[in-house]
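A.B. asks: Oh and the sequence shown: position 19 is 23 in my numbering, straight run, nothing missing.
Each residue gets a CB set at the ideal place from its N, CA and C atoms; glycine is no exception.
Bear in mind that the values here come from a model prediction, so they are computed numbers and not experimental data.
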Amino acid sequence: MTTPNISDSANSSDSASAGDAVSTASAPARLTAVVTGASSGIGRATAQRLVADGWEVLAVARREERLRALAEETGCAVLGVDVTDEDSVAALAERAQELFGDTLNAVVHVAGGALGVEPVAEADLGKWQSMYETNVLGALRVTRALLPALRRSGRGDVLFVTSVAAHEPYPGGSGYNAAKAGEHMLARTLRLELNGERVRVIEIAPGMVRTEEFSLVRLGDQDAADAVYDGVEEPLTAEDCADVISYALNAPHHVNLDLVTVRPLAQAAAHRVARHRGV
């Protein structure tokens, strides 16, 4: 795939003055990030927000046609990547090095998702395996591949977008609960292992977020997906989550937001939502 050139800001034109050239050369390098799951929802909104914040972004996902539209809109670099495939993740690491050199400032893990609401007694093992592959092993593969570049940067961040489902069980949520709890423990363990290094490990755990695909993919039916948000005036949006991610990544690097839970006002817990109450 042809990707846009995202790093031409350091090149001065032939007509630039010597003073301009010196000024440009001494300007601090822009921060760099890889965002997974960037073809829709929170991943797409995060890539858009970081570009607006001045970051150089490599946005990755499986659906390349959507990535191309994102690249045209924002100017970010894009790459088709399947986080469940080792060769695809290796290609991601190579592309990140081509774009950013030997260092990288942030990896934002958004790729994942939920499948089904079957109770434990009727668990669909295929759905469980798929959720574990994307949410846990996918994040692990990408982290393992890009961690050396994060360490070399001297200002690295690994940010996991998990869910309140990682922390609160609810009926019908067992498969997603288990997968997101696994990703949560990956983040917690990594933070311990990197203690003393200049790499932050951040977890953002959203509650009810209305995006165009999450509930539809999970439930397989538009009416059922719409019912999830019935009576909730203002569920979170993908942009709300991107705001929190942006804050966490742009905070002074000695400030580590270990875990941020973000919910709409109407939601007190994963299973307790005020409906038709004007919130």
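(1) Classify Arg148 as helix, strand or coil using the three-state DSSP reduction.
(2) Going by CA-CA distance only, name the one from Ala169, Thr166, Asp91, Gly160 that's closest to Arg145.
(3) Please state the DSSP three-state secondary structure of Thr50.
(4) Give every residue of the same chain whose Cβ lies closer than 7 Å to the Cβ of Asn181, excluding the five residues on either side of it in the sequence, and list them in chain order.
(5) Could you tell me whether the Cβ atoms of Leu253 and Leu54 are closer together than 9 Å?
(6) Keeping to the same chain, check which residues put their C-beta closer than 6 Å to that of Gly186; ignore five residues upstream and five downstream.
(7) Between the alpha carbons of Ser167 and Leu220, how many angstroms are there, rounded?
(8) Measuring alpha carbon to alpha carbon, tell me which residue in Gln271, Gly41, Phe218 is nearest Leu83.
(9) Starting from His188, follow the alpha helix (DSSP H) in both directions and report where the run begins and ends.
(10) Can you tell me whether Ala124 is buried or exposed, with buried defined as 16 or more other CB within 10 angstroms of its CB?
(11) Can you look up Arg99 in the DSSP assignment and give me helix, strand or coil?
(12) Which same chain residues, not among the five before or five after Tyr136, have their C-beta less than 8 Å away from its C-beta?
(13) Counting only the same chain and skipping the five closest in sequence on each side, list residues whose C-beta sits under 6 Å from that of Glu207.
(14) Examine the ligand HEM and report whether any of its heavy atoms sits within less than 8 Å of the Cβ of Val162.
(15) Within its chain, find whatever has a CB closer than 7 Å to the CB of Arg72; leave out the 5 residues flanking it on each side and keep chain order.
(16) Rounded C-beta distance between Thr78 and Ile249? I'm assuming under 8 Å.
(17) Quick one: grab the DSSP three-state call for Leu261.
(18) Would the beta-carbon of Asn109 fall within 9 Å of that of Leu154?
(19) Cutting at 6 Å between CB atoms, please list the residues of its own chain near Ala287, excluding the five before and the five after it.
(20) Would Val162 pass as a contact of Val39 if the rule is Cβ separation under 9 Å?
(21) Whole angstroms is fine: what's the gap from Gly211's alpha carbon to Pro239's?
C.D. replies: According to the structure data:
(1) In the displayed model, Arg148 falls within a helix according to three-state DSSP.
(2) The option with the nearest alpha carbon to Arg145 is Asp91.
(3) It is helical.
(4) Contacts found: Ala169, Pro173.
(5) If you check the CB distance, Leu253 and Leu54 come in under 9 Å.
(6) Shown here for Gly186: same chain residues with a beta carbon closer than 6 Å to its own, the five before and five after excluded, namely Val140 in chain order.
(7) In this structure, the alpha-carbon of Ser167 lies about 17 Å from that of Leu220.
(8) With distances taken between Cα atoms, Leu83 lies closest to Gly41.
(9) The continuous alpha helix (DSSP H) containing His188 extends over residues 178–197.
(10) The sequence shown places Val at residue 124, rather than the Ala named in the question. Label assigned to Val124: exposed.
(11) Residue state, collapsed to three classes: helix.
(12) Counting only Cβ-Cβ distances below 8 Å, and skipping sequence neighbours, we find Ala182, Ala183, Gly186.
(13) Excluding positions up to five away in sequence, the list reads Phe164, Thr166, Ala191, Leu263.
(14) The model depicted lacks the ligand HEM and carries no ligand whatsoever.
(15) Beyond the five residues adjoining it in sequence on each side, Arg72 comes within less than 7 Å, by CB distance, of Val82 in the same chain, given in chain order.
(16) Between Ile249 and Thr78 the Cβ distance is about 15 Å, and since that is not below 8 Å, they are no contact.
(17) The three-state secondary structure of Leu261, taken from DSSP, is coil.
(18) In contact: Asn109 and Leu154 (Cβ atoms closer than 9 Å).
(19) Residue numbering for the chain in the displayed model covers 5 to 283; residue 287 lies beyond these limits and cannot be assessed.
(20) Result no, Cβ atoms of Val162 and Val39 do not sit closer than 9 Å.
(21) Straight-line Cα distance between these residues: approximately 9 Å.
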